[in-house]
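Structure first, then comments.
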Amino acid sequence: MKKKVYASLDEAVADIPDGAQIMVGGFGGAGFPNNLIQALARKGAKNITAVSNNCGTRDGELGIMFKNNQIKHVIAAFPGPHANHFLERFAAKEVTLELVPQGILCERIRAAAAGLQGFYTTVGVGTEVAAGKEERVLEGHRCILERPIHADYALIKAQTADELGNLTYRLAARNFNPVMAMAAKTTIAEVEEIVPTGAIHPEHVVTPAIFVHRIVQAKGLRYAG
Amino acid sequence: MRAEGIAKPRLTREQIAQRAALELPDGAYVNLGWGIPNLIAGHLPKGITVYFHSENGILGMGPRAKPGEEDFDQVDAMKVPVTLIPGASFFHQADAHLMTRGGHLDVAVLGGFQVSEKGDLANWKIPGAKGPGGIGGAMDIAAGAKILIVCMEHSTKDGAPKIVKRCTYPLTALECVDTIVTDLAVIDVKPEGLLLREVAPCWSAEEVQALTGAPLIVRRQIPEMSFA
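Sequence lines, in order, name chains A and B. So in the working numbering, spot 91 of the first sequence is number 92, and the numbers just go up one at a time. So in the working numbering, spot 217 of the second sequence is number 499, and the numbers just go up one at a time.
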């Protein structure tokens with residue numbers, strides 16, 4: 002059986018190519034795989050499409066990758082008040098943005114995970130996000146068609162992994178991580194601790210190991226702001 | 283009134299929050315948005331328990347954590363470390379928004395830049411502002427809450443009405459607002475139009491109408507707002 006535990010962060014992201022579409026978990030400063038993001042910044046992969054709730058907190062979170070101009074397109078719900086590197090690239094037209102309502106972002110990711118080709122929703126009807134989307138009336142409501150968001154890689158942050166890849170999260174650091182973990186071809190989890198397989202009670206597993214391909218232990222980093 | 287050169291007192295942001303807090307029923311599941319709505323948690327009437335929802339995956343948030351007791355993995359949607367009340371739970375973001383969109387929350391309270399007479403809401407981007415704006419959870423919340431209350435100032439800083447016939451700012455959702463609580467009035471959005479329910483102390487219905495960009499329905503003597 003292929004071992005999922007990687008010895009280093011750099012090794013865990015070593016094969017991420019230029020042009021990859023990458024989901025990155027985290028919300029409100031909690032649950033960001035900051036060590037993996039920094040490893041990807043060191044590796045220098047370019048022309049990345051990033052899928053994440055926000056667009057960095059100064060140099061932290063995705064900020065470092067915007068600073069390095071590694072991201073060409075970002076799909077996000079809320080770029081954020083401290084996303085200065087993103088805002089500079091955006092103003093210079095070096096990065097494009099698809100702004101997505103936050104719950105629809107989750108659900109489009111989940112659609113990809115679930116093998117669904119899309120869904121209809123009332124969210125966004127009559128607003129900018131409806132532009133170019135098929136509209137129809139269902140159950141008496143105007144709805145728009147939303148399509149799945151896939152990813153080559155998901156970088157996620159969890160609290161504990163067992164060696165098989167079962168994951169648990171801590172408090173509200175869970176946020177986008179379990180959803181993104183299910184949607185990517187390759188999911189890489191940065192975790193605070195790795196325990197032997199079986200050490201997490203099956204009833205406590207939040208993300209089952211089937212969704213997790215690589216695990217790397219690192220002390221979590223956090224960016225204030 | 284402004285026109286007469288006399289500055290009448292308007293409610294403070296805390297007072298708007300205090301009035302809006304009275305709209306929350308005991309035991310309700312409630313999401314509070316950025317700005318004035320976030321202040322509501324501090325004004326719950328005694329004896330009322332409300333389960334505050336956060337779109338990053340918390341139900342049952344209590345007050346902000348005391349200095350020195352913060353856990354930055356336990357933050358609300360504004361990144362503020364919070365406490366939990368008994369019965370609280372954590373879940374992932376997709377389930378958090380399943381709750382907002384799926385009609386599971388009893389009440390949501392959002393801030394607003396404009397509300398139209400039909401209850402359309404604009405609250406995520408100011409035209410001409412720098413940058414692309416940010417939708418966050420507002421569109422999901424506006425589309426799905428059983429009752430949507432908007433808390434905002436009645437006028438912009440330049441004195442323009444924020445309650446308008448038709449929103450000119452980028453929209454958040456169509457026909458979603460049920461009640462508007464401002465520094466001048468409480469207004470219900472009804473199929474027949476905007477029904478003036480209460481006015482701020484010292485304000486008359488006519489004075490509120492003069493600062494409102496859409497007609498208000500005034501069915502009776504309008505009472506002053508109560509705060510308890």
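For glycine and all other residues, C-beta sits at the position ideal for the given N, C-alpha and C.
For Leu476 of chain B, which of helix, strand or coil comes out of DSSP?
-> strand
Pick from A:Val217, A:Ala173, A:Gly199 and A:Gly226: whose alpha carbon is nearest that of Thr365 of chain B?
-> A:Ala173
Within 8 Å (strictly less), CB to CB, does Cys144 of chain A reach chain B?
-> No - not a single Cβ of chain B is within 8 Å of the one on Cys144 of chain A.
Let me know if Pro179 of chain A comes out buried or exposed under the rule of 16 or more other beta-carbons within 10 Å of its beta-carbon.
-> buried
Could you pull the start and end residues of the beta strand (DSSP E) that Leu304 of chain B belongs to?
-> Neither: Leu304 of chain B is in no beta strand (DSSP E) and is coded neither H nor E.
State buried or exposed for Arg284 of chain B, treating a residue as buried only when at least 16 other CB atoms are found within 10 Å of its CB.
-> Residue placement at Arg284 of chain B is poorly supported in this model, since its pLDDT is 48, which falls under 50; the coordinates still yield a value, given next. Counting Cβ neighbours within 10 Å, Arg284 of chain B comes out exposed, since fewer than 16 surround it.
Is Gln22 of chain A helix, strand or coil when you go by DSSP?
-> strand
Does the beta-carbon distance from Glu191 of chain A to Leu37 of chain A come in below 8 Å?
-> Yes.
Closer than 6 Å by C-beta to Val490 of chain B: which residues in its own chain qualify, once you throw out the five before and the five after it? Chain order, please.
-> Leu466, Ala467 and Val481
Neighbour list for Val357 of chain B in chain A, Cβ cutoff strictly below 8 Å | Going along chain A in sequence order, the residues near Val357 of chain B (Cβ under 8 Å) are Gly29, Gly30, Ala31 and Ala173.
Considering His50 of chain A, what are the terminal residues of the beta strand (DSSP E) in which it resides?
-> Just to set this straight, residue 50 of chain A is Thr in the shown sequence, not His. First-last of the beta strand (DSSP E) with Thr50 of chain A: Ile49 to Val52.
Report the partner residues of Asn313 of chain B according to the DSSP bridge assignment.
-> The partner list for Asn313 of chain B (beta bridge, DSSP) reads B:His335 and B:Ala390.
What does a CB cutoff of less than 6 Å around Glu99 of chain A pick up in its chain, not counting 5 residues either side in sequence?
-> Ile76
Say whether chain B places a C-beta atom closer than 8 Å to the C-beta of Arg90 of chain A.
-> no
Spell out a yes or no on whether the region 324-337 of chain B and the region 300-308 of chain B are touching, meaning 3 or more CB-CB pairs, one atom from each, closer than 8 Å.
-> As far as the Cβ criterion goes, the region 324-337 of chain B touches the region 300-308 of chain B, which means the pair count is three or higher.
Sufficient close CB pairs (3 or more, under 8 Å) joining the region 356-370 of chain B to the region 428-439 of chain B = As far as the Cβ criterion goes, the region 356-370 of chain B does not touch the region 428-439 of chain B, which means the pair count is below three.
Following the continuous beta strand (DSSP E) through Ile195 of chain A, name the residue where it begins and the one where it ends.
-> Ala185 to Val196
Can you pull the chain A residues whose beta carbon is under 8 Å from the beta carbon of Thr382 of chain B, in chain order?
-> Gly104
Is it the case that the Cβ atoms of Glu457 of chain B and Gly401 of chain B are separated by a distance below 8 Å?
-> yes
Go ahead and pull the three-state DSSP assignment for Phe28 of chain A.
-> In this structure, Phe28 of chain A counts as strand in the three-state DSSP scheme.
Classification of Gly20 of chain A by the beta-carbon crowding that lies within 10 angstroms, buried from 16 upward | exposed
Using a Cβ cut-off of 9 Å, which residues of the region 70-83 of chain A contact any Cβ in chain B, in chain order?
-> Ala77, Ala78, Phe79, Pro80, Gly81 and Pro82
Could you name the residues of the same chain whose beta carbon sits closer than 7 Å to that of Leu146 of chain A, not counting the 5 residues immediately before and after it, in chain order?
-> The residues are Gly119, Tyr121, Lys134 and Glu135.
Out of A:Ala210, A:Ile110, A:Pro18 and A:Glu108, which has the shortest C-alpha to C-alpha gap to Lys4 of chain A?
-> Of A:Ala210, A:Ile110, A:Pro18 and A:Glu108, the smallest CA-CA separation from Lys4 of chain A is found for A:Ala210.
Local conformation of His142 of chain A per DSSP, three classes | strand
Should His205 of chain A go down as buried or exposed, given a rule of 16 or more other Cβ atoms within 10 Å for buried?
-> exposed
Leaving aside the five residues before and after Lys407 of chain B along the sequence, list all residues of the same chain whose C-beta is less than 6 Å from its C-beta, in chain order.
-> Gly415 and Pro452
Per-residue burial, Thr50 of chain A [other beta carbons within 10 Å of its own, 16 or more giving buried] | buried
Whose CA, out of A:Arg223, A:Leu106 and A:Met2, lies closest to the CA of Arg148 of chain A?
-> A:Leu106
Can you find at least 3 beta carbon pairs, one from the region 420-427 of chain B and one from the region 85-105 of chain A, that sit closer than 8 Å?
-> Judged by Cβ distances under 8 Å, the region 420-427 of chain B makes contact with the region 85-105 of chain A, as three or more pairs qualify.
Any C-beta of chain B under 8 Å from that of Phe177 of chain A = Yes - at least one Cβ of chain B is within 8 Å of the one on Phe177 of chain A.
Contact check, Asn176 of chain A vs Phe28 of chain A, beta carbons under 8 Å | yes
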